[in-house]
Amino acid sequence: MQPNPNHSEKKPADRLLKMPGKLNRGPVDFKTRIAGYEGEIMAIATRNVITAQQTTTIIQAVEIMTREGFRRLPVVDAGTHRLRGIVTVSDIINFMGGGDKFNLVQVKHKGNFLAAINEGLREIMTPQPVTMPVTGSIDDAVNVIINRNIGGIPIIDAEENLRGIVTERDVMKVLTTENSSRRVEDIMKSSVRVTSPDTPIGKVCEEMVKCRFRRLPVVVDDVLCGIVTATDIMNYLGKGKVFEQLTTGDSAEVMGAPVRSLLSGELHTTTPDRNIHDIAIEMIQRRIGAFPVIEDSHLVGLVTEYDLVKAFAEE
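Per UniProt numbering, the very first residue in the sequence shown carries number 1; after that it's consecutive.
Encoded structure:
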C-alpha cells in the first residue's frame, strides 16, 4: 500500500499539538490494547533505530552510542529484530565502577578493564525493559516517563519486534507547543547533589548509580565550574581517552582519574526567573538534558528534561 502523500508532512500530526490540558496519570495497562493500527506515538518516534545484538561487545556499543550521541541502545535478535533488552548510559556507568555490573571487571576479569570491555552486551544489558506498543498514545509515553522515570521507551509490535523508540526529548518537543506561565524556580530541584573537580571518576559513577542521577554539577566553594554527565563518562571510554591513560589496563587506573579531566569548556546555565517554555526550547536546540540554575554566580538548582515533561504534562 502506498503512503498517502497528503499526510507525509504531518510529523508530528497537527492533532498531537492540541493535546488536552490535564492528562490521566494512572498506571498504563498496555495488555488491554488490541494490536492493530499504529497509534499517535509513532508520529513522533524514531523508526529506524540503530540496534545491537547480545554478542556485540561492550566497547563496540559504547563507541556506537558515543558516535551517534545516544543515551541508550536497544538489543535485538539479528534475524527477527525481536527486542531482547536495552543498554543505557546508566548500565555503562554501573559497569565502569558504579554498581554491581562492575563485578564483571573486578571478579570475572580480576580488575582487567581491557578484557572486560570485550565481553558481550548480554553481560550488562537491562533485559525485559519497559516498552510501549505501536498502538500507544503520547499520553501513554508521558505516563511511563513520569511514573517510571524512564528516558527512552522502545516501541514493539505484537510479536515483540522493535518498531521504534521514543524519548523524553521527543515528548517534550510536542508538549512545548503550549506556552506556560511557570518559571524555572517553580519546577527546579533545589537540593542538588554536587561533586568536586578532584573526585575520582569511579566515585562519581558510584554516586550516579546509587542516587539514580545522570549528571552531577561540579562546584568549588558553592561556585559552579562545570557539570559532569553519565554521557561524558561514557564518552571518555568511547572516544578512546581511557586508553591514553592506561599503562597496565587495570580498572583502578581508568577510574582513578579526577572528574576535572572530563569537563568541557562549554557550560550552559539558566536563572530561576526564566520561563520554562523558553528553557525547553533552548534545551531542545542545544540537545542537552539539563541546565544548572545560577543566581548571583552560585548554584541554586537543576532543571532537567524530566522536570519539564512533568511540568508541561500538568499544565
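All C-beta atoms in this analysis are idealised placements derived from N, C-alpha and C, irrespective of residue type, glycine included.
Measure the C-alpha to C-alpha separation of Cys211 and Asn94 and round it to an integer number of angstroms. For this step, residue 211 is matched to residue 211 along the sequence shown. For this step, residue 94 is matched to residue 94 along the sequence shown. Cys211 and Asn94: Cα-Cα distance of roughly 12 angstroms.
Going straight from the alpha carbon of Thr126 to that of Val87, what length do you get? Within the sequence shown, numbered from 1, the residue matching residue 126 stands at position 126. Within the sequence shown, numbered from 1, the residue matching residue 87 stands at position 87. Distance between the alpha carbons of Thr126 and Val87 is about 6 angstroms.
Please report the straight-line C-alpha distance between Asp296 and Phe70, rounded to a whole angstrom. The residue you call residue 296 lines up with position 296 of the sequence shown. The residue you call residue 70 lines up with position 70 of the sequence shown. C-alpha separation (whole angstroms): 34 angstroms.
Which residues in the same chain as Thr131 place their Cβ atom closer than 6 angstroms to its Cβ, once the five residues preceding and following it in sequence are excluded? What you label residue 131 is simply residue 131 of the sequence shown in a count that begins at 1. The answer, listed in chain order, is Pro154, Ile156.
For Ile49, name the three-state secondary structure that DSSP assigns. In the sequence shown, counting from the first residue as 1, residue 49 sits at position 49. The sequence shown places Val at residue 49, rather than the Ile named in the question. Correct three-state label for Val49: coil.
Checking 8 angstroms against the spacing of the C-beta atoms, do Ile279 and Thr270 come in under that value? In the sequence shown, residue 279 corresponds to position 279, counting from 1. In the sequence shown, residue 270 corresponds to position 270, counting from 1. Cβ atoms of Ile279 and Thr270: closer than 8 angstroms.
Tell me which residues share the same chain as Thr51 and place their Cβ nearer than 8 angstroms to its Cβ, disregarding the 5 neighbours each side in the sequence. Looking up residue 51 in the sequence shown gives position 51. Excluding residues within five positions, the ones whose Cβ falls inside 8 angstroms are Leu73, Pro74, Val75, Val76, His81, Leu162.
Whose CA, out of Ser191, His109, Lys108, lies closest to the CA of Val293? Along the sequence shown, read from residue 1 onward, the residue named residue 293 stands at position 293. The residue with the shortest Cα to Cα distance from Val293 is Ser191.
Return helix, strand or coil for Ile281, following the three-state DSSP convention. The count along the sequence shown starts at 1 and reaches residue 281 at position 281. Ile281 falls in the helix class under three-state DSSP.
For Asn275, which of helix, strand or coil comes out of DSSP? In the sequence shown, residue 275 corresponds to position 275, counting from 1. Correct three-state label for Asn275: strand.
Just checking, does the stretch 52–71 make contact with the stretch 186–205 on the three C-beta pairs under 8 angstroms criterion? no
Nonlocal neighbours in the same chain, by C-beta distance under 8 angstroms from Pro272, ignoring five residues either side: As a working mapping, residue 272 is identified with position 272 in the sequence shown. Closer than 8 angstroms at Cβ, skipping near neighbours: Arg183, Val184, Glu185, Met188, Val293, Glu295, Val300, Gly301.
Taking Cβ to Cβ, would you say Val303 is nearer than 8 angstroms to Ile145? Looking up residue 303 in the sequence shown gives position 303. Looking up residue 145 in the sequence shown gives position 145. Not closer than 8 angstroms, so no.
Mind checking which residues open and close the beta strand (DSSP E) that includes Phe291? Here the question's residue 291 lines up with position 291 in the sequence shown. Phe291 -> beta strand (DSSP E) spans 290–295.
Take the Cβ of His277 as the centre, count every other Cβ of all protein chains shown within 10 Å, and call the residue buried at 16 or more, exposed below. Taking the first residue of the sequence shown as 1, we reach residue 277 at position 277. So His277 ends up on the buried side.
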